[in-house]
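Numbering (my numbering), first residue to last: 16 to 299. Here the structure is laid out as structure tokens; the discussion comes afterwards.
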Ligand SMILES: [Zn+2]
């Protein structure tokens, strides 16, 4: 298909959501998701490049599990093979498309803010609950990036005497309720197993520490929506009451606030939607 053929159906965007174990993809055309799928994330970046070779799209959005800086993967604890790889340029070379690279949690919250559970809100804070605890902030429809590396909620210190964290600090939210740390503490192979066991003690612990962190974020940002996503958000019914108890006791003037806490609506597709929005409207 030539460029004219491509344009017949409007802007065609390929979005990739490259995670530690799985890569999800979707094709957007005319503002709608028309195709989607997933494959195991290749450990070798060259294999990933081969998988996109010749793909037809005007623009490609890459949501990546790690820090992304000016088209390069700056840091990725879960995919160290990609560290330092100029992924945007390399994918552009394979496809001829214009490529943007963005942190996956940023894409998640942008998708939820504009197309999902945060629709209509002015300030949307999003948290992804998984192996890591990622996050992003959208204000007036735009991602807030700070000076470049804003929003690392997983590494806010909630217990200075807590366990050591992979980042070198101690008592970070992630060192307590990152999926690996949480499962190791309570003896489960995965959070899904802990959910199946309906282990009240474990989930009260999870909700308590998450709620303390959320109270801190709400005190600072006063978001109108907080969207919780990621695999562990599937257990929200098990940690909701302990989370809300900590949010209500830790947030100043909780009852006067308009903040609503909601679960992701777009689920697995949230970061793909966010990537699409970024690629289609580079101003976001
Ligand atoms: Zn940390």
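A virtual CB, placed ideally from N, CA and C, is assigned to each residue, including glycine.
- With fewer than three CB-CB distances shorter than 8 Å, the region 197 to 210 does not count as touching the region 86 to 93.
- Boundaries of the alpha helix (DSSP H) around residue 260: 251 to 265.
- DSSP, reduced to helix, strand and coil, places residue 214 outside both helices and strands of the structure shown, so it counts as coil.
- Short note on residue 170: C-beta closer than 7 Å to some heavy atom of ligand 1.
- Across the set 143, 183 and 176, the C-alpha of 143 shows the shortest separation from the C-alpha of residue 229.
- CA-to-CA, the gap between residue 155 and residue 205 works out to about 37 Å.
- Burial check for residue 118: the Cβ neighbour count within 10 Å reaches 16 or more, so the residue is buried.
- For ligand 1, a non-hydrogen atom lies closer than 7 Å to the CB of residue 190.
- With a cut-off of 7 Å, the C-beta of residue 184 is classified as near ligand 1, since at least one heavy atom of the ligand falls inside that distance.
- Residue 223 has its alpha-carbon roughly 39 Å from the corresponding atom of residue 47.
- With 16 or more neighbouring CB atoms inside 10 Å of its own CB, residue 121 falls in the buried class.
- DSSP places residue 51 in the strand class (E or B) of the three-state scheme.
- For residue 122, the Cβ stays outside the 7 Å cut-off from all heavy atoms of ligand 1.
- Cα atoms of residue 76 and residue 286: separation of roughly 10 Å, rounded to the nearest angstrom.
- Apart from the 5 residues on each side of it in sequence, residue 64 sits with its Cβ closer than 6 Å to the Cβ of 105 and 109 in its chain, given in chain order.
- For residue 288, the enclosing alpha helix (DSSP H) covers residues 285 to 295.
- Within the same chain, and ignoring the five residues on either side of residue 209 in sequence, the residues whose Cβ sits closer than 8 Å to its Cβ are 197, 198, 201, 203, 217, 218 and 250.
- Contact between the region 152 to 166 and the region 250 to 259 is not established, with fewer than three Cβ pairs separated by less than 8 Å.
- Inclusion of residue 189 and residue 147 in the CB contact set at 8 Å is warranted, their separation being smaller than that value.
- At least one heavy atom of ligand 1 falls within 7 Å of the beta-carbon of residue 180.
- Within the DSSP secondary-structure output, residue 87 pairs in a beta bridge with 84.
- Relative to ligand 1, residue 138 has its C-beta separated by 7 Å or more from all heavy atoms.
- The secondary-structure analysis by DSSP pairs residue 30 across a beta bridge with 41 and 76.
- Shown here, residue 124 sits in a helix according to DSSP, grouped into three states.
- Residue environment: residue 232 is assigned as buried (16 or more neighbouring CB atoms within 10 Å of its CB, all protein chains considered).
- Remark: the shortest separation between the CB of residue 198 and any heavy atom of ligand 1 does not fall under 7 Å.
- Between residue 127 and residue 244, the C-beta gap is smaller than 8 Å, which places the two residues in contact.
- Contact check for residue 80 against residue 33 passes: the beta carbons are separated by less than 8 Å.
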